[in-house]
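Going letter by letter, the sequence shown gives residues 1 to 239 in the UniProt record's numbering. By construction, the Cβ of each residue, glycine as well, lies at the ideal position given by its N, Cα and C atoms. No experiment lies behind these values; they were computed from the predicted model shown. Written below as structure tokens is the structure these notes are about.
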Amino acid sequence: MNYKTFLINLDRSPQRLADAKKQLDALDMSFERVSAADGSQLTPEERACFDKNTAQKRYHYDLTWGEVGCYLSHLKCWQKIVDEKLDYAIILEDDLHLQDDFNKVPELLEQLKTPWSFIKLGNPFKPRKETPVETLARFNLVRYDKAPSGTCAQVVSYQGAKALLAARSLFFRPVDVDLQWQWEVPIKILGLTPYVAGHNLSFDSDIQQIDQRKNKAKRSGVRLREQLRFFYHSKLRGE
């Protein structure tokens with residue numbers, strides 16, 4: 001299959017690039033660096049991709065510019081998948097820690113019989129309920145009741161990238177939260193477990209260094225309404 005590994009990395013973060021390259025080189029995995037959108041230096045056109053009006057109705061705070069930059073960086077990777085007509089891409093963020101069997105991912109993907117468009121390769125945050133849908137040796141392809149947070153490592157297919165780009169030329173949630181709303185994006189999020197990637201805890205968040213989400217005014221009423229909306233749609237879909 002025709003695929004690439006994309007590594008999202010800020011131009012001002014050479015140490016992260018060096019650390020990620022060392023890990024990928026050790027696993028004999030080639031990669032292409034994707035220059036991340038820097039939340040501290042966004043152009044007016046890039047800032048306009050954040051849909052503030054919808055956020056005020058549907059999300060409990062206005063995104064930080066770091067979160068906007070993160071979303072834009074993933075959009076750039078999805079666009080590259082489509083432009084280059086890749087079957088899929090492995091998309092990595094640079095503050096990652098790879099397991100020794102990470103390089104088995106392409107081989108495992110070749111063996112899958114279950115149709116897929118987006119597969120999580122890591123979940124560094126809150127565990128989620130996982131239901132196996134296919135087994136490959138010691139690995140399981142799983143579905144979730146609610147997709148895990150975080151976007152440290154994932155695989156996105158050509159069709160998945162097209163769907164994501166069509167749905168989100170404008171966005172109002174952080175990218176990992178947006179992906180949890182699978183019926184809106186629309187895309188089905190699966191996972192490969194045991195996870196082969198996680199966060200490198202020695203690095204601080206680039207997103208939070210730009211501005212802090214805790215400093216953003218919160219809309220508690222919007223949050224409660226959206227939680228109920230999410231619960232309703234999840235039950236409607238049997239998730």
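Excluding its 5 nearest sequence neighbours in each direction, His-74 has C-beta neighbours in its own chain below 6 Å: Val-175, listed in chain order. Counting of Cβ neighbours within 10 angstroms places Gln-227 among the exposed residues, the total staying below 16. Secondary structure note for His-97: its beta strand (DSSP E) is the uninterrupted segment 96-98.
In this structure Asp-95 does not touch Arg-12 by the C-beta definition: roughly 14 Å separates them, more than the 8 Å allowed. Runs of the beta strand (DSSP E) lying entirely within the UniProt domain "Glycosyl transferase family 25" (4-134) and spanning at least 3 residues, in chain order: 32-35, 88-93, 96-98 and 118-120. For Pro-124 and Leu-63, the gap between their C-alpha atoms comes out near 21 Å. When Cβ pairs closer than 8 Å are counted between the two stretches, the segment 50-68 is seen not to touch the segment 126-141, the count staying below three. Here Asn-9 is buried, its C-beta having at least 16 other C-beta atoms within 10 Å.
By the C-beta density criterion, Arg-237 is exposed, having fewer than 16 other C-beta atoms within 10 angstroms. Per DSSP, Tyr-144 is one residue of the beta strand (DSSP E) stretching across 139-144. Taking a contact to require three or more Cβ pairs closer than 8 Å, the segment 154-164 and the segment 127-141 do not qualify as touching. In this structure Leu-192 does not touch Phe-118 by the C-beta definition: roughly 11 Å separates them, more than the 8 Å allowed.
The beta carbons of Leu-27 and Leu-98 sit closer together than 8 Å. The beta carbon of Ile-90 is closer than 6 Å to those of Thr-5 and Val-155 in its chain, skipping five residues each way along the sequence. The beta strand (DSSP E) runs lying completely inside the segment 142-188 and spanning 3 residues or more are 153-157, given in chain order. Where Tyr-195 is concerned, there is no enclosing alpha helix (DSSP H), because DSSP gives it neither an H nor an E.
Under the criterion of beta carbons closer than 8 Å, Ala-20 and Leu-92 qualify as touching, at roughly 7 Å. Excluding five sequence positions before and after Asp-87, the CB atoms of its chain that fall closer than 8 Å to its own CB belong to Met-1, Asn-2, Tyr-3, Ser-157 and Tyr-158, given in chain order. Residue burial is scored here from C-beta neighbours: Glu-67 has at least 16 other C-beta atoms within 10 angstroms and is therefore classed as buried. Between Val-142 and Thr-151, the C-beta spacing is not below 8 Å. Straight-line measurement puts the Cα of Leu-72 at about 22 Å from the Cα of Leu-190.
Taking all protein chains shown into account, Trp-116 has 16 or more neighbouring C-beta atoms within 10 Å of its C-beta and is therefore buried. From the listed residues Ala-217, Tyr-61 and Leu-136, the smallest Cα separation to Val-177 is found for Tyr-61. Pairing Lys-22 with Ser-30, the inter-Cα distance amounts to about 11 Å.
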